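The structure appears below as structure tokens.
Protein chains in written order, with our numbering: chain A, 2 to 145; chain B, 2 to 153.
Below, the structure is given as structure tokens:
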């Protein structure tokens, strides 16, 4: 089965949006941003990145302003895994915020996601994608 | 709120610094040593391309597609250049032997398959051309310089 492709620009745009939202959440002590971004990432992880609300905003802006930014195709599995990593961190952060009422732990975990999203948005470095590829190499090595 | 603002700025600044550092070294061709085995590259004993570029790519690697396009363009421009590509995931033996830790990684060799340059990441087309056609043509005199010498 052919691997599904996504537009790398949409992935980076989504990372920029979520990073800004998370930074603003920290500045204004709005803990609810963690579960909100968690749900946005979760939708992408479960249904595929083309259904991610973060990526949808990119397509909306591109269409509305008739931007002729060329599509940069990328295979979906590595960025989807990266979103899964972000999801896991934000899930832990949400648990830290709400049931445990531990703001320090919650914001620390949230800032890890914000930092990784900033890196992706500004440089294209996708740490989660690299982890995915390293994992694949390890699994191929152990299978060999 | 000021403390939180400072923390947010500090995290963003740290990411910015890391990004700048990364950009500086990403895709930079550095001199390297070692040599490739002809059998690994499928190049016969009598075959002697002017230079060989060996690229290790990975499945699902978007930057590898950019490198691939650039190499295709260079291969059209530079005559007698050999481009050999390996899927690092499938050829773990070669990736280990040539110390490839991430993809894309590319090597520029001279006609004897001695490694002259290597880069991890996405080098610019100019950087690759410079490695090939710089003061030394992958180890041999640059043909364009040789032409101008013979004319003068």
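By construction, the Cβ of each residue, glycine as well, lies at the ideal position given by its N, Cα and C atoms. Computed from a prediction, not measured in an experiment: that's the story for all the values here.
Beta-carbon spacing of residue 41/A, residue 118/A below 8 Å: In this structure, residue 118/A does not lie closer than 8 Å to residue 41/A by Cβ.
At a CB-CB cut-off below 8 Å, which residues of chain B make contact with residue 161/A? As shown, chain A starts at 2 and ends at 145. That puts residue 161/A outside it, with no answer to give.
Which residue from 109/A, 82/A, 18/A puts its Cα closest to that of residue 48/A? Per the C-alpha coordinates, the member of 109/A, 82/A, 18/A positioned closest to residue 48/A is 82/A.
Can you list the residues of chain A that residue 16/B reaches, using a CB-CB cut of under 8 Å? Within chain A, the residues near residue 16/B are 116, 119, 120, 123.
Assess, as a yes-or-no matter, whether the segment 133–145 of chain A is touched by the segment 3–17 of chain B under the definition of 3 or more beta carbon pairs within less than 8 Å. The segment 3–17 of chain B is not in contact with the segment 133–145 of chain A.
What does residue 54/B pair with, by DSSP beta-bridge criteria? 84/B, 109/B, per the DSSP bridge assignment.
Taking 8 Å as the cut-off, decide whether the C-beta atoms of residue 25/A and residue 108/A are in contact. No, the Cβ-Cβ distance between residue 25/A and residue 108/A is not below 8 Å.
Alpha carbon of residue 70/B to alpha carbon of residue 14/A, nearest angstrom: When the Cα atoms are used, residue 70/B and residue 14/A turn out to be separated by approximately 24 Å.
Looking only at its own chain, which residues have a Cβ that is under 7 Å from the Cβ of residue 80/A, when we skip the five neighbours before and after it? Here the set comprises 7, 12, 50, 127, 130.
Identity of the residue in 21/A, 35/A, 22/A, 23/A nearest residue 98/A by Cα: For residue 98/A, the closest C-alpha among the options 21/A, 35/A, 22/A, 23/A is that of 35/A.
Residue 86/A classed as buried or exposed, judged by whether at least 16 other C-beta atoms fall within 10 angstroms: Label assigned to residue 86/A: buried.
Distance check for residue 34/B and residue 160/B, CA to CA, integer angstroms please. Shown here, chain B extends from 2 to 153; a query on residue 160/B therefore has no answer.
Which stretch, first to last residue, makes up the alpha helix (DSSP H) that contains residue 143/A? For residue 143/A, the uninterrupted alpha helix (DSSP H) run begins and ends at 128–144, by DSSP.
Tell me whether the beta-carbon of residue 55/B lies closer than 8 Å to the beta-carbon of residue 125/B. With contacts defined as CB atoms closer than 8 Å, residue 55/B and residue 125/B fail to qualify as a contacting pair.
8 Å Cβ cutoff, residue 28/B in contact with chain A: No, its Cβ sits nowhere closer than 8 Å to a Cβ of chain A.
Determine which residues of the segment 46–64 of chain A have a Cβ less than 9 Å from any Cβ of chain B, and write them out in chain order. Those residues of the segment 46–64 of chain A that come within reach of chain B (Cβ to Cβ, closer than 9 Å) do not exist; the list is empty.
In angstroms with no decimal places, state the Cα-to-Cα distance between residue 13/B and residue 108/B. Linking residue 13/B to residue 108/B through their CA atoms gives a straight-line distance of about 34 Å.
Using the Cα positions of residue 118/B and residue 103/A, report the straight-line distance between them to the nearest angstrom. About 51 Å.
Chain-order list of residues whose beta-carbon lies under 7 Å from that of residue 76/B (same chain, five-residue window excluded): A distance below 7 Å between beta-carbons, with the five flanking residues on each side excluded, links residue 76/B to the following residues of its chain, in chain order: 82, 84.
Residue 1/B versus residue 29/B: straight-line alpha-carbon distance, rounded: Because chain B is modelled from 2 through 153, residue 1/B falls outside the range shown and cannot be assessed.
In whole angstroms, what is the alpha-carbon distance linking residue 1/A and residue 22/B? Outside the shown range of chain A, which is 2 to 145, sits residue 1/A, and nothing can be said about it.
Length of the line joining the Cα atoms of residue 91/B and residue 84/A: Residue 91/B and residue 84/A: Cα-Cα distance of roughly 25 Å.
From residue 114/A to residue 36/B, what does the alpha carbon distance come to, in whole angstroms? Straight across, the Cα-Cα distance linking residue 114/A with residue 36/B is about 41 Å.
Using a Cβ-Cβ cut-off of 8 Å, state whether residue 62/B counts as contacting chain A. Interface with chain A (8 Å Cβ-Cβ cutoff): residue 62/B is included.
From residue 2/B to residue 88/A, what does the alpha carbon distance come to, in whole angstroms? The straight-line gap from Cα to Cα measures roughly 26 Å.
So that I know if they touch, is there some Cβ in chain B lying closer than 8 Å to that of residue 85/A? Under the 8 Å criterion on CB atoms, residue 85/A is classed as non-interfacial with respect to chain B.
Have a look at the DSSP bridge pairing and note the partners of residue 154/B. Since the displayed chain B opens at 2 and closes at 153, residue 154/B lies outside it and no answer follows.
Other residues of its chain near residue 62/B: CB distance less than 6 Å, five sequence neighbours each side excluded: So the qualifying residues of the chain are 104.
Start and end of the alpha helix (DSSP H) containing residue 113/A? 104–124 is the extent of the alpha helix (DSSP H) around residue 113/A.
Where does the unbroken beta strand (DSSP E) through residue 71/A begin, and where does it stop? Taken as a continuous stretch (DSSP letters only), residue 71/A belongs to no beta strand (DSSP E), as it is neither H nor E.
In three-state terms, what does DSSP make of residue 7/A? DSSP, read as helix, strand or coil, puts residue 7/A in strand.
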